[in-house]
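Reviewing the structure listed below.
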Amino acid sequence: MYVSATEVQNNFGKYLKLCKIENVIITRNGKKQALLLYFP
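For the sequence shown, my numbering assigns the number 168 to the initial residue and increments by one for each residue that follows.
Here is the structure:
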């Protein structure tokens with residue numbers, strides 16, 4: 168799943184939960200910047 172940095176900033180808790188299901192790739196200006204993944 169690709170999500171903008173602004174969207175993650177505004178809804179961080181939501182994406183922490185979603186990363187348990189699938190990896191979340193954070194983009195800035197349309198370019199991949201970071202990967203949010205689940206750590207058990």
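Glycine included, each C-beta is placed from N, C-alpha and C at the ideal position.
This one's a predicted model, so the numbers in the text were calculated from it and none came from an experiment.
Buried/exposed call for residue i, threshold 16 Cβ in 10 Å
| i | result |
| --- | --- |
| ILE193 | buried |
Three-state class that DSSP yields for residue i in the structure shown
| i | result |
| --- | --- |
| LYS187 | coil |
| TYR205 | coil |
Boundaries of the alpha helix (DSSP H) in which residue i is found, first to last residue
| i | result |
| --- | --- |
| ASN178 | Careful: ASN178 lies outside any alpha helix (DSSP H) and carries neither H nor E. |
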